[in-house]
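Taken in order, these protein sequences are the chains called Y and S.
Going by this note's numbering, the first residue of the first sequence is number 461, and it counts up by one from there.
Going by this note's numbering, the first residue of the second sequence is number 190, and it counts up by one from there.
Data block below; observations after.
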Amino acid sequence: MSHLELTDGARIAVIGGGPAGSFFSYFLLEMAGRVGLELQVDIYEPRDFTIPGPPGCNMCGGIVSESLVQMLAAEGIFLPPTVVQRGISAYVMHSDAGSVRIDTPMEEKRIGAVYRGPGPRGLKEARWDSFDGHLLSLAQEKGAHVIHSRVSQVSDHASGVAVGTRGRSLQVYELLAVTTGINTAALKLFDGMDLAYKPPRTTKTFIREYHLGAQDVSRYLGNAMHVFLLNIPRLEFAAIIPKGDYASLILLGDEINDELIDSLVESPEIRQLMPADLQLNEGACQCRPRINVRGAVQPFDDRIVFIGDCGATRLYKDGIGAAYRTAKSAAAAAIFQGISAEDFRRHYLPACRAIEGDNALGKVIFWVTRQIQKHRFTRRAVLRMVAAEQRRDIGGRWMSTVLWDMFTGSAPYREIFQRTVHPAFWTRFLWDNIASIVEQIAGFRRLRSPDADWKLPHTMDDSR
Amino acid sequence: METGALGRPYEDGDLIFRQGEQTDRLYVIQEGKVEVYLEEEGKEISLTLYREGDFLGELALFFKEVHSTSARSLGDSRVLTVDKKNFMRRIQEDPTIAFRLVQNLTHRVKELSEEISVLNRTVQECLEEQLRLQELKGKET
């Protein structure tokens, strides 16, 4: 086959206007502009990101990680306060042994809590813009054209890939970027095509939105992400993320069912954190989206590339960051190398493999975390270690940084893993385990770090 | 809305970084204006005014880990920092991330070249004027 590449006037279709689709379009047009290439990009997105609830939502916890916020700033992409509902500057870890708070250095907010749409079902006044809508508008500013229709047909064509929607004739494109995510039937469109692509393996998560009102969100949760280290079977991770007027409860794990959700929301750790009169068994809105736990097989073919969740993403965390990385890598491959399967294999697949390789270490880290969650003395040892690190002005913050990066998705799992195999980490952790066992024999006292006053109003509205 | 303001807010006159201070980060202005100045023998020499989207402190990323200038907020501003380690790691994986930084630096080199050219012209004009005056003085005597 002759070399396939994008030439002046080439048409590109992007199916899905979420972060992966918008980032791909944005960077494709940006890079094309740098080399003087004129492209026509059509983004097919049936959702209206101005409608609250499911019609305008792409179902996600809504955390823009610290590393992504920094990289976007370096790219000149800013996330304004009209889109970011709350800047996160700390996390609080809760367990039955107590709670500890960890703040960012320099008192800076570098994690963004957003809603993919304008907000949950029943939202009366949309005070913030949709995150996905914001990214889509950036892609439009670069020159992408948004078609608000659902793609109903994709097929091979002699000169490219044909894309059809109801009521519109088939359009032929030189390149097709698939950025549909995995919570959609759109991937079935490719069943009839002779592709080696196999969709990712997935698991279900659970997200519930609670309406507290901005004042109570600040009062009860502050600008901190609240993470729970609890011994609940099949629970990998649970967190409450403060947004503008709402708080999102996020659960990750195997076979999340009503029983698991109820045992979590009825736990004293969550009950004590949230307003006493708030009904925790029901929320303003809830969903059970699927997340990718193992990447797709061959997320590319001649003139086709699968990006973001339907290609490869980070295990449990920073899905938006993975969308950014894979989208940018696919865009660079298409502009500078070519659009054949071989071009994507050589220049796009390594980005997906790097994520998958990192996820393998992530699985080890989550397995160790599960073991820690099972025993009260190990849970207490973790809290002891963090509390001691937070009290010290100098010295290593081993556990604090490991947990920060793990909970916020700010660093690759490889880096977190490297920190946990350091002798200083294990020496300190072993010491805290011994101390916890001694304390367990002597009788427990709840641990709390000296600055864990997240319930005091003066620390809540720390807008500075 | 202010709950979602990322970075760190500064008020008019607040110091963002001080000359001689150690640094391991890049500063990106999210909102407002920042003045960069040099402190020399107790005097302040204003160098440049930076606006939204501009980078600060990038030279410290490459050459030395000490700020060669100071920066303060002009009016209210908001500045986000990018960790050197994080930035360098990402450049390793994706060199195009440095494009904007290079663009920014190139723009600054262009501005400085223009300033040097203006200064050269001014110095030359001054020297010529001085020579002309000396010649006039010589003729008079």
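Where is the CB? At the ideal position from N, CA and C, for every residue including glycine.
Chain Y beta carbons: is any one of them nearer than 8 Å to that of residue i?
| i | result |
| --- | --- |
| residue 271/S | yes |
| residue 263/S | no |
| residue 254/S | no |
| residue 234/S | no |
| residue 217/S | yes |
| residue 321/S | no |
| residue 204/S | no |
| residue 212/S | no |
| residue 283/S | yes |
| residue 221/S | no |
| residue 224/S | no |
| residue 191/S | yes |
If we define contact as Cβ-Cβ less than 8 Å, is residue i a contact residue for chain S?
| i | result |
| --- | --- |
| residue 441/Y | This structure cannot settle anything about residue 441/Y, because the visible part of chain Y is limited to 461 through 924. |
| residue 539/Y | yes |
| residue 864/Y | no |
| residue 579/Y | no |
| residue 410/Y | Here chain Y comprises residues numbered 461 to 924, so residue 410/Y is not present and cannot be evaluated. |
| residue 704/Y | yes |
| residue 858/Y | no |
| residue 588/Y | yes |
Where does residue i sit, in a helix, a strand or coil, going by DSSP?
| i | result |
| --- | --- |
| residue 676/Y | helix |
| residue 500/Y | strand |
| residue 615/Y | strand |
| residue 761/Y | strand |
| residue 232/S | strand |
| residue 626/Y | coil |
| residue 782/Y | helix |
| residue 746/Y | strand |
| residue 920/Y | Note that residue 920/Y scores 36 on pLDDT, short of 50, meaning its location in the model is unreliable and no value can be drawn from it. |
| residue 727/Y | coil |
| residue 869/Y | coil |
| residue 537/Y | coil |
| residue 598/Y | helix |
Going along chain Y, which residues have a C-beta under 8 Å from residue i?
| i | result |
| --- | --- |
| residue 194/S | 541, 544, 547, 569, 923 |
| residue 290/S | 534 |
| residue 242/S | 536, 538 |
I'd like the span of the alpha helix (DSSP H) that includes residue i, first residue to last.
| i | result |
| --- | --- |
| residue 211/S | Here residue 211/S belongs to no alpha helix (DSSP H), and DSSP marks it neither H nor E. |
| residue 567/Y | That residue, residue 567/Y, is in no alpha helix (DSSP H); it is neither H nor E in DSSP. |
| residue 828/Y | 809-834 |
Can you list the residues of chain S that residue i reaches, using a CB-CB cut of under 9 Å?
| i | result |
| --- | --- |
| residue 530/Y | 215, 217, 269, 270, 271, 272, 275, 276, 279 |
What are the boundary residues of the beta strand (DSSP E) that includes residue i?
| i | result |
| --- | --- |
| residue 671/Y | 666-671 |
| residue 702/Y | 695-702 |
| residue 750/Y | 750-754 |
| residue 712/Y | 706-713 |
| residue 206/S | 204-206 |
| residue 734/Y | Unbroken run through residue 734/Y: none, as it is neither H nor E. |
| residue 684/Y | 684-688 |
Using a C-beta to C-beta distance shorter than 7 Å, which residues of chain S count as neighbours of residue i?
| i | result |
| --- | --- |
| residue 645/Y | The contacting residues do not exist; residue 645/Y stays about 33 Å from chain S at best. |
| residue 792/Y | 285 |
Give the residues of chain S in contact with residue i, contact being defined as C-beta atoms less than 8 Å apart.
| i | result |
| --- | --- |
| residue 929/Y | Outside the displayed range of chain Y (461 to 924) lies residue 929/Y, so it cannot be described from this structure. |
Residues of the stretch 517-528 of chain Y in Cβ contact with chain S at a cutoff of 7 Å, in chain order, please. Taking 7 Å as the Cβ-Cβ cut-off against chain S, the residues of the stretch 517-528 of chain Y that qualify are 527.
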